[in-house]
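Right, one structure below, let's go through it.
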Amino acid sequence: MNIREKLGRERLFFDGGTGTLLQAQGLKGGELPETWNLLHPERIQALHRAYLEAGADILCTNTFGANALKFPEGGQFALEAVVTAGVDLARAARAEAGRERNAWIALDLGPTGKLLKPMGELDFEDAVALYAQVVRTGAEAGADLVLIETMSDGYEAKAAVLAARENCDLPVIVTTVYGENGKLLTGGTVASTVALLEGLGVDALGVNCGMGPAQMEPIVRELTAWSSLPIVINPNAGLPRTQGGRTVFDVGPEEFAAVMERLSACSIHLMGGCCGTTPDHIRALTARCRSLPFSPPVPKARTVVSSYSRAVEIGKSPVLIGERINPTGKKRFKQALREHDIEYLLNEGFAQEEAGAHILDVNVGLPEIDEPALLTEAVCALQAVIPLPLQLDTSDPAAMERAMRRYNGKPMLNSVSGKAESMAAVFPLVKKYGGVVVGLTLDEAGIPPTADGRVAIAKKIRDTAAQYGIPAHDLVIDPLTLTVSSQPDAALVTLEALGRIGPEVGCPTILGVSNVSFGLPQRELVNTAFFTMALQKGLSCAILNPRSAGMMGAWRSYRALAGLDEQCGDYLAAYGGQTAPAPAAAEPAAPLDECVLRGLKEGAAQATKAALAEGAAPLELVDRLLIPALDQVGRGFEAGTLYLPQLLMSAEAAKAAFEVVKAAMAGQSRETRGTVVLATVKGDIHDIGKNIVKVLLENYGFQVEDLGRDVAPEVIAAAAARPGVRLVGLSALMTTTVVHMEETIALLRRQLPQVRVVVGGAVLTAEYAGRIGAHCYARDAMATVHFAQQVYPQT
Amino acid sequence: MTAAAPYEEVCRYLGYKRGVQPDPETERLIRACTARVEEAAEPKVVSTVLPLACSGEDGLKLGPIGVKSAALAKNLRGCGQVILFAATLGLEVDRLIARSGAGRVAEGAVYQAAGAALIEAVCDAANDALRRESEAEGWYLRPRFSPGYGDFSITHQPDITRLLRTPERIGLTVTDSMLLLPVKSVTAVMGRARQAVPCHRQGCEACGKTDCPFRRESA
Chain E
61 MNIREKLGRE
71 RLFFDGGTGT
81 LLQAQGLKGG
91 ELPETWNLLH
101 PERIQALHRA
111 YLEAGADILC
121 TNTFGANALK
131 FPEGGQFALE
141 AVVTAGVDLA
151 RAARAEAGRE
161 RNAWIALDLG
171 PTGKLLKPMG
181 ELDFEDAVAL
191 YAQVVRTGAE
201 AGADLVLIET
211 MSDGYEAKAA
221 VLAARENCDL
231 PVIVTTVYGE
241 NGKLLTGGTV
251 ASTVALLEGL
261 GVDALGVNCG
271 MGPAQMEPIV
281 RELTAWSSLP
291 IVINPNAGLP
301 RTQGGRTVFD
311 VGPEEFAAVM
321 ERLSACSIHL
331 MGGCCGTTPD
341 HIRALTARCR
351 SLPFSPPVPK
361 ARTVVSSYSR
371 AVEIGKSPVL
381 IGERINPTGK
391 KRFKQALREH
401 DIEYLLNEGF
411 AQEEAGAHIL
421 DVNVGLPEID
431 EPALLTEAVC
441 ALQAVIPLPL
451 QLDTSDPAAM
461 ERAMRRYNGK
471 PMLNSVSGKA
481 ESMAAVFPLV
491 KKYGGVVVGL
501 TLDEAGIPPT
511 ADGRVAIAKK
521 IRDTAAQYGI
531 PAHDLVIDPL
541 TLTVSSQPDA
551 ALVTLEALGR
561 IGPEVGCPTI
571 LGVSNVSFGL
581 PQRELVNTAF
591 FTMALQKGLS
601 CAILNPRSAG
611 MMGAWRSYRA
621 LAGLDEQCGD
631 YLAAYGGQTA
641 PAPAAAEPAA
651 PLDECVLRGL
661 KEGAAQATKA
671 ALAEGAAPLE
681 LVDRLLIPAL
691 DQVGRGFEAG
701 TLYLPQLLMS
711 AEAAKAAFEV
721 VKAAMAGQSR
731 ETRGTVVLAT
741 VKGDIHDIGK
751 NIVKVLLENY
761 GFQVEDLGRD
771 VAPEVIAAAA
781 ARPGVRLVGL
791 SALMTTTVVH
801 MEETIALLRR
811 QLPQVRVVVG
821 GAVLTAEYAG
831 RIGAHCYARD
841 AMATVHFAQQ
851 VYPQT
Chain C
214 MTAAAPYEEV
224 CRYLGYKRGV
234 QPDPETERLI
244 RACTARVEEA
254 AEPKVVSTVL
264 PLACSGEDGL
274 KLGPIGVKSA
284 ALAKNLRGCG
294 QVILFAATLG
304 LEVDRLIARS
314 GAGRVAEGAV
324 YQAAGAALIE
334 AVCDAANDAL
344 RRESEAEGWY
354 LRPRFSPGYG
364 DFSITHQPDI
374 TRLLRTPERI
384 GLTVTDSMLL
394 LPVKSVTAVM
404 GRARQAVPCH
414 RQGCEACGKT
424 DCPFRRESA
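Residue numbers (our numbering), protein chains in the order written: chain E, 61 to 855; chain C, 214 to 432.
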């Protein structure tokens, strides 16, 4: 019988530990347990047999660490042979036990052991490929399901799930490891992990390893609260403890089974064991729990989006979506996109996060831009350092798919409309990758002028989504804000539709608020009033500028008034101690050059604004105040009278001033002194030194092409081959990565003899730098600036 | 497990010479960023005890791991066992450092220094605990010795992490270039001997690189 028909309909039992038992039989520390599929097949088969006889229904193949990283091609053991033998042994044990009809073989996939990019070195698609190889082999050998287990990184779990879904039709179960803080090692919570995995369409999910059954109770309660899927728990035999240098587990079979029985009251659908559990544990477990009352999983219908570490639920307290990562109507932002200035986008993200946004909208659409590539790059950069879930905002389905695939969580998607073409493009993506999608109430006939018309389209979107298997709670309906100055009843129609969508369509709602005031003076007055009216109608989320004091004030006030802010705690936290509105644009604290010398970032920006307002020429400010102040700091640093943090604070203050100058020059690029290509070399991921050099070079007027970290020689050579580039700066922190620095220099010297190379990094010395062919060794960032000034002399 | 990064150590990693106090503006930055690192860190350690066999001047067997290193052999002279040890501050510290990459370089430098000071403090605390446990079992513990010290090659990182199963247990991985990730992580070997050997040199002072700009100056 297909196991799909059993999942969630009756209680099933997994087997218990493998590694700990093999160690007891002589497996050495550091030895790969999967090799025993070939070296000692009889022992593996006997272990499976023992678990079947103990009452297990699902056997996990001994393939936890079987992947091409641990079993590379040409190695002692062929990966295919290890995996095939793993499945065969489980099948043989099942046949021997006469359990073909009621026992199933789970192809067991563990973590790769590598960290994924951008924090690590393994590319997401390479991770997918590693798992895909094992899935194809295991499915062909006759596995009945895929178990992805002991995952401590949701992103890696996503890669494994995609590999399974794309390479076989078997059911997929995922269990992750939570620490005592209730989080995955990479930061995920139960809620964020459940959102991710449900979005990806797994068949069951849960928790394994890490702790014993008793410690798992809070995790199990969380799982029950968030998951609509069958829940799995496979605990260790207690918390691991070291005794005489060895890891031991203390919870015996009866105690294990007794705690599991207690946990089963929380609606658990599959149970088994992990490290330290034995056939005796599973025998006690099945004896105690097999005939306990069984309650099938209950649909939770919660609208949740997630990031790597955070879940945001829509439909309880109103959710704020930051709108600022969007080029529409913003010259400076468009310039950043054209210049491929990801840092600018990140800073827009940080500012909105700090202002209190819950989700960030990401739109990088410009006619002349490769949107699929740039949206994916922006999403990867943002999700690496910002814990807020993202809303992928694009009308290009190709861009949406690429970004969704790489997204580390369950994204929000902006948007689908009631047009048949739009739904046919977007819904298959939502079904495959998961997501909460914004449904715009417009279709081939345009935007209906009445609330009836908009509600009707909302229903059409909901019903079409259902045909794809997408539930109503994964839709958020936008009844569309039109401009009140051109159509007097615009706001009223929107508000009426807004109020009807919840009860009549059964979906949460969303509005981009600020459209309503287009063409009117003092737009914030209208926006805040409209926002408050919409909140009162039950608006679930708003796309707005979280740095608008008025909008945030309306939101905080609404929450306090609507009983959503207990004892007005959040309101007080935001405004407590203020008697009057904060004074607007304070006077600069000090003159510009002094701000730079003292490292005052805000002050430097304000002083620049003030000077420009008084009519100072932007470039004159740079030459007369900024550069001399920077020079003074640089000299102090080189003389040892001033330390690195001060140098950097001054550099940042100068940078803040330059940013004001840049904005004032309305998108024109400041004339640059020359282009410097910077990179941390292949294999190395330390980039603080490189980032410091970048800021200083920029301050001194150089255009910096920052290629990032772990950059291959060919990529650096390609960037250096662009017209006008005469200097490349390379950074490496380790003796093992200086090798790649040497390779890169050799390639540059061969292909681009006109280009100079300056190098820096902890293990380098002037002598070492010379030996690997660099033109200059820079002991610090100021030394790099000086060399750059030599390479590009002032004209 | 909670731990604190000593302020003086953070300053030392930032290049401040002994006795030099950062100005108040900088001190505020250092204290604020150090607090953020302490908040982001999820220190985790694992260890195991292995038999030790020595052959010749530099041949060693740490359980199944074969090592050739005269410096480590000297460090382990007279020992019958070794503790294999690994510690990490976790990935959130890496994210904090990465976050500062978008132009907040002053913060980045302090996160870096605070992370270095904190992982040392975590290792010291964990090693003290191991020392007490060892002494209770009648063993004296030697100071920790990490791959990369002297001629103890960093190519042994994967041997250590595989044996300790650090990816699954504490999220500590090794790249193809032998970098530990998360970045603020340490692996080390500590000898266990039946005889106490007076040993005053450890950590920074034990290192042969006497021209290191960050070398701790003795009081």
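Just so it is clear, CB atoms sit at the ideal spot from N, CA and C, and this is done for glycine as well.
Here the structure is a predicted model, which means the values were calculated and not measured.
By the C-beta density criterion, T701 of chain E is exposed, having fewer than 16 other C-beta atoms within 10 angstroms. In summary, no residue of the segment 358-374 of chain E has a CB separated from any CB of chain C by less than 8 Å.
For A444 of chain E, the enclosing alpha helix (DSSP H) begins and ends at 431-445.
Note on geometry: alpha-carbon atoms of Y528 of chain E and R370 of chain E lie some 27 Å from one another. By the rule that beta-carbons nearer than 8 Å mark a contact, A319 of chain C touches chain E.
In this structure, R355 of chain C sits near L289 of chain C, with a CB-CB distance shorter than 8 Å.
Per DSSP, T302 of chain E is not a residue of any alpha helix (DSSP H); the beta strand (DSSP E) it occupies stretches across 301-303. Residues of the segment 377-405 of chain C whose Cβ lies closer than 8 Å to any Cβ of chain E, in chain order: P380, E381, I383, G384, T386, T388, D389, S390, M391, L392, L394, P395, V396.
Among the residues facing chain C, G821 of chain E is not included, as its CB has no counterpart in that chain under 8 Å away. Around the C-beta of R382 of chain C, 16 or more other C-beta atoms lie within 10 Å, and the residue is accordingly described as buried. The DSSP-derived three-state label of K390 of chain E is coil. For V490 of chain E, the enclosing alpha helix (DSSP H) stretches over residues 480-493.
With its beta carbon less than 8 Å from one in chain C, I752 of chain E belongs to the interface. Residue pairing by DSSP places N294 of chain E opposite E:N268 in a beta bridge.
Taking the Cα of P427 of chain E as reference, the smallest distance to any Cα among E:A417, E:S455, E:D421, E:E413 is reached at E:S455. In terms of beta-carbon proximity, M709 of chain E lines the interface with chain C, with at least one pair separated by less than 8 Å. Using beta-carbon distances, M271 of chain E does not count as an interface residue toward chain C, since no partner is under 8 Å. According to DSSP, M211 of chain E shares a beta bridge with E:T236. When DSSP states are grouped into helix, strand and coil, D421 of chain E belongs to the strand group. Distance from the Cα of L707 of chain E is smallest, within the candidate group C:R378, C:V323, C:V280, C:D389, for C:V323. Counted as a single uninterrupted DSSP element, the alpha helix (DSSP H) harbouring A347 of chain E occupies residues 339-349. At least one CB atom of chain E sits nearer than 8 Å to the CB of A315 of chain C. Counting only residues of its own chain and dropping the five nearest sequence neighbours on each side, R786 of chain E has a CB closer than 7 Å to the CB of G734, Q814, V815, R816, V851, Y852. By the CB criterion at 8 Å, G404 of chain C and N751 of chain E fall outside the cutoff.
With respect to V445 of chain E, L435 of chain E sits apart: the two C-beta atoms are not nearer than 8 Å.
Contact annotation: the segment 294-308 of chain C touches the segment 329-336 of chain C, with at least three C-beta pairs closer than 8 Å. Judged by DSSP secondary structure, S366 of chain E falls within the beta strand (DSSP E) whose first and last residues are 363-366. It is roughly 12 Å from the alpha-carbon of V476 of chain E to the alpha-carbon of L452 of chain E. For the 8 Å CB-CB criterion, G375 of chain E and P568 of chain E form a contact. Annotated three-state conformation of M794 of chain E is coil, per DSSP.
Short of 6 Å from the beta carbon of N386 of chain E, and not among the five residues preceding or following it, lie these beta carbons of its own chain, in chain order: N423.
Distance between A166 of chain E and L205 of chain E, taken at the CA atoms: about 5 Å.
Contacts with chain C at 8 Å (Cβ-Cβ) include L245 of chain E.
Taken in chain order, the members of the segment 348-370 of chain C whose beta-carbon sits within less than 9 Å of a beta-carbon on chain E are E350, G361, I367, T368.
D401 of chain E has its alpha-carbon roughly 28 Å from the corresponding atom of V497 of chain E. What D372 of chain C touches in chain E, judged by beta-carbon distance under 9 Å, is G90, going in chain order.
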